[in-house]
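Following the numbering used here, the numbering of the sequence shown begins with 19 at its first residue and continues without gaps. See structure below.
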Amino acid sequence: MAMAILVADASRPHPVVDPRVAERLAALGVTRIALLSDAVGTGVVLEGWAFDPADIDDAVRAVYPDGAEGVRTLREVGLVALARTAEGRR
19 MAMAILVADA SRPHPVVDPR VAERLAALGV TRIALLSDAV GTGVVLEGWA
69 FDPADIDDAV RAVYPDGAEG VRTLREVGLV ALARTAEGRR
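Structure below.
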């Protein structure tokens, strides 16, 4: 599953995730969106089995239609699955 995170500071307009944007993202292979925020800014997590990170610019334009200036894109560089062993359980 491919993943990317869009990070924007609080001075940027909020990301748009309406039905039209959801349809555009789904066409790019995104199947899951998470929105995160704090006082400093907003993060948008995009995931999908068919999502090609090469299409990230199209995804950014969909979520931030007023422009991508000031939006950082974090690309997946690794993914680790964790599981407890029988010895680790108490």
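Cβ coordinates follow ideal geometry from the N, Cα and C atoms, glycine included.
Rounded separation between residue 89 and residue 102 - CA only: Counting from one through the sequence shown, the residue named residue 89 turns up at place 71. Counting from one through the sequence shown, the residue named residue 102 turns up at place 84. Approximately 37 Å between the Cα atoms of the pair.
Between 95, 82, 94, which has its C-alpha nearest residue 29's C-alpha? Locating residue 29 in the sequence shown gives position 11, where the first residue counts as 1. Comparing Cα positions, the closest option is 82.
According to DSSP, is residue 89 part of a helix, a strand, or is it coil? One-based indexing of the sequence shown puts residue 89 at position 71. Three-state DSSP puts residue 89 in a strand.
In the structure shown, what three-state DSSP assignment does residue 73 receive? The count along the sequence shown starts at 1 and reaches residue 73 at position 55. Reduced to three states, the DSSP call for residue 73 is helix.
Identify which residue in 35, 93, 38, 25 has its Cα closest to the Cα of residue 72. To locate residue 72, count along the sequence shown from 1; it is residue 54. Of 35, 93, 38, 25, the residue nearest in Cα terms is 93.
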